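Reading through the structure tokens given below for one structure.
In this note's numbering, the protein residues as written are 9 to 106.
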């Protein structure tokens, strides 16, 4: 029994859509997390030290995902992510010194 060409083609298209749809979702997932974490840098001094440590941990978890991007995106987003993380850690450490 032979399947019509259109059924085979439709199956292939759906498979590709599912695979790349998941990939696109994963792409946006890291970007949403990145924006959420780095948005807090506007006024981080109002946050507790525990919250700042949590944000630094989120940066650490996000870093390997960003390292898989193409070179130009990787450079930009890793630099920004490290700056956000360093700010969080700086505030925590400066509070501990007081």
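Backbone N, C-alpha and C define an ideal beta-carbon position, used for all residues, glycine too.
The structure presented is a predicted model; accordingly, all values stated were derived computationally and were not measured.
For a cut-off of 8 Å, the C-beta gap from residue 64 to residue 96 is around 4 Å, short enough to register as a contact.
For residue 102, the secondary structure class from DSSP, reduced to helix, strand or coil, is helix.
Using a Cβ distance threshold of 8 Å, residue 101 and residue 86 do not count as a contacting pair. Comparing C-alpha distances from residue 53 to each of 89, 99, 105 and 104 shows the shortest one belongs to 99.
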